[in-house]
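Scroll down for the structure; my scribbles are underneath it.
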Amino acid sequence: MQYRKLGKLEWQPSALGFGAMRLPTYDQDLDRINISATREMLEYAIENGVNYLDTAWPYHKGKSEEVIGEFLKEGYRDKIKLATKMPVWEVNEVKDFDHFFKEQLKKLQTEWIDCYLLHALNQKTWKKVYDLGVLDWCEKQKREGLIFSLGFSFHDQYPVFQQIIDAYGEWDFCQIQYNFMDIDYQAGKKGLQYAHAHDIGVIVMEPLRGGQLAKEPPSDISEIWKNSGSDLNHVDAALQWLWNQAEVGLVLSGMSNLDQVKDNIASADKSSINLLSDADLMVFEQVREAYLKRIAIPCTGCRYCLPCPQNIDIPAVFDIYNTGIIYEDIPKAGLFYNWLKPDNRADRCLACGECEEKCPQNIKIIDALQKAHKELTEGGKG
0 MQYRKLGKLE WQPSALGFGA MRLPTYDQDL DRINISATRE MLEYAIENGV NYLDTAWPYH
60 KGKSEEVIGE FLKEGYRDKI KLATKMPVWE VNEVKDFDHF FKEQLKKLQT EWIDCYLLHA
120 LNQKTWKKVY DLGVLDWCEK QKREGLIFSL GFSFHDQYPV FQQIIDAYGE WDFCQIQYNF
180 MDIDYQAGKK GLQYAHAHDI GVIVMEPLRG GQLAKEPPSD ISEIWKNSGS DLNHVDAALQ
240 WLWNQAEVGL VLSGMSNLDQ VKDNIASADK SSINLLSDAD LMVFEQVREA YLKRIAIPCT
300 GCRYCLPCPQ NIDIPAVFDI YNTGIIYEDI PKAGLFYNWL KPDNRADRCL ACGECEEKCP
360 QNIKIIDALQ KAHKELTEGG KG
């Protein structure tokens with residue numbers, strides 16, 4: 000296993016971290032975790048050098064922390080750095096910080112958390128917990144030896160990311176979504192570099208975009224990989240693209256079976272900074288461009304079309320639909336679409352045309368919303 004630098008922290012994380020969000024289950028029921036298969040995966044990972052284990056309050060409908068706690072108590076607690084996260088969206092008053100944290104310690108059967116994160120921060124949740132004094136609360140836990148390193152995971156736009164970084168000079172690390180397709184998404188590469196410049200370690204989540212970059216690519220993209228001259232398969236290549244960058248401290252993968260663990264560890268074993276040549280990096284550019292050419296609706300996310308009188312989140316609908324088209328996975332996109340609030344979905348459109356008058360891309364938004372809603376609801380069932 001290769002080990003890397005994570006900001007100013009003295010210990011070095013394994014290049015690959017184990018994320019406990021996609022553990023094996025029975026019949027795809029999230030709270031029915033296959034305990035024996037999970038143990039086998041965790042044991043193999045730790046025996047082969049993985050030293051960072053990440054879970055969170057909501058994973059597997061609250062069961063992930065419990066399963067991890069049962070596993071760790073059998074002699075594994077001191078072999079890894081344990082990470083979990085405060086569910087900031089559930090916090091409404093100061094006493095909630097203690098409530099959730101004490102429950103997490105109980106479920107994880109531990110007396111301390113090595114790496115504690117404020118989970119999925121965005122502009123709204125950051126302001127809420129900041130005003131409630133979350134940083135003072137975290138510092139108190141650190142003084143008492145209950146938390147050793149403090150960070151946050153992030154899901155919003157870059158300016159919000161910079162605001163959070165600048166608000167506190169003692170962040171140890173952050174966790175962002177980043178992969179060769181998402182270089183400008185949310186915090187993106189700009190955020191990666193900004194955190195690194197402030198000596199804040201960066202943990203990468205969704206390195207394979209929730210599995211979209213792990214599945215067999217569309218034929219046109221497969222041809223690019225085949226003609227690249229590289230001996231890396233497309234999954235290995237996506238991971239190496241991340242490890243190639245010195246700013247990346249740790250790549251976190253949510254693995255669901257032992258084969259994935261073995262393959263990812265084998266990839267991590269041969270990883271290093273600046274491993275890829277300029278020619279290799281050009282292949283990623285070609286692949287990215289080929290994926291982006293598959294976009295069905297040319298929405299740039301400028302949001303000039305908003306506010307919609309019916310409260311439809313037009314850019315979000317188009318982003319979900321385009322993602323389903325790009326990666327040939329409309330059913331999965333349909334699941335994300337169903338997570339939108341009903342008031343934000345496309346079927347509320349009354350064809351008033353106000354959005355079309357403001358769209359700088361001259362998109363026929365009314366027709367596009369109807370098409371997206373139809374395909375995402377019919378193709379995304381189940």
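Under numbering that gives the first Met the number 0, the first residue of the sequence shown carries the number 0, and numbering increases by one thereafter.
For each residue, glycine too, the CB sits at the ideal point set by N, CA and C.
Straight-line gap, residue i to residue j (C-alpha atoms, nearest Å)
i      : j      : result
Phe179 : Met254 : 19 Å
Trp10  : Tyr193 : 22 Å
Pro308 : Ile319 : 21 Å
Val93  : Lys105 : 20 Å
Ile364 : Cys354 : 7 Å
Tyr326 : Pro216 : 8 Å
Val247 : Lys101 : 31 Å
Lys189 : Gly300 : 18 Å
Lys225 : Gln211 : 18 Å
Val49  : Met0   : 7 Å
Thr37  : Lys331 : 24 Å
Phe283 : Leu207 : 14 Å
Arg344 : Lys373 : 11 Å
Gly378 : Ala371 : 10 Å
Beta-carbon separation (whole angstroms), residue i vs residue j, contact threshold 8 Å
i      : j      : result
Lys357 : Cys298 : Rounded, the Cβ-Cβ distance is 13 Å, inconsistent with contact.
Tyr51  : Lys80  : 5 Å
Val260 : Tyr43  : 6 Å
Cys348 : Leu368 : 5 Å
Glu289 : Ile182 : According to the sequence shown, residue 289 is Ala rather than Glu. About 15 Å separates the two Cβ atoms, so there is no contact after all.
Beta-carbon spacing of residue i, residue j below 8 Å
i      : j      : result
Phe160 : Ala186 : yes
Leu107 : Lys84  : no
Cys173 : Gly150 : yes
Asn321 : Ile296 : yes
Val203 : Ile175 : yes
Ile146 : Tyr115 : yes
Asn47  : Ile264 : yes
Gln103 : Trp56  : yes
Gly6   : Asp171 : yes
Asp346 : Asn310 : no
Ile329 : Leu375 : yes
Ile223 : Gln285 : yes
Ser218 : Leu8   : no
Leu334 : Glu39  : no
Leu29  : Lys60  : yes
Near the ligand HEM: residue i beta-carbon under 7 Å from a heavy atom
i      : result
Glu327 : With respect to small molecules bound, the structure shown includes none, and the ligand HEM cannot be examined in it.
According to DSSP, residues forming a beta bridge with residue i
i      : result
Cys173 : Phe151 and Val201
Asp53  : Gly18 and Ala82
Tyr2   : Ser13
Cys114 : Ala82 and Ser148
Val250 : Leu15 and Val203
Thr24  : Ile32
Leu120 : Phe153
task: Answer yes if the stretch 257-270 comes into contact with the stretch 220-230, meaning at least three C-beta pairs across the two stretches below 8 Å, and no otherwise.
output: Inter-segment contact for the stretch 220-230 and the stretch 257-270 is absent: fewer than three beta-carbon pairs are separated by less than 8 Å.
message: Measuring CB atoms only, is the stretch 237-254 touching the stretch 11-22, in the sense that at least three cross pairs come out at less than 8 Å?
response: Put simply, the stretch 237-254 touches the stretch 11-22. At least three CB pairs are less than 8 Å apart.
- prompt: Is the stretch 23-42 touching the stretch 236-249 in the sense that three or more CB pairs, one from each, lie closer than 8 Å?
  reply: The stretch 236-249 makes no contact with the stretch 23-42; the number of CB pairs closer than 8 Å stays below 3.
- request: Give a yes or no on contact between the stretch 27-41 and the stretch 274-286, applying the rule of three or more CB pairs nearer than 8 Å.
  value: Counting Cβ pairs under 8 Å, fewer than three are found: no touch.
- prompt: Counting pairs of Cβ atoms below 8 Å between the stretch 117-130 and the stretch 85-102, do you hit three or more?
  reply: The stretch 117-130 is in contact with the stretch 85-102.
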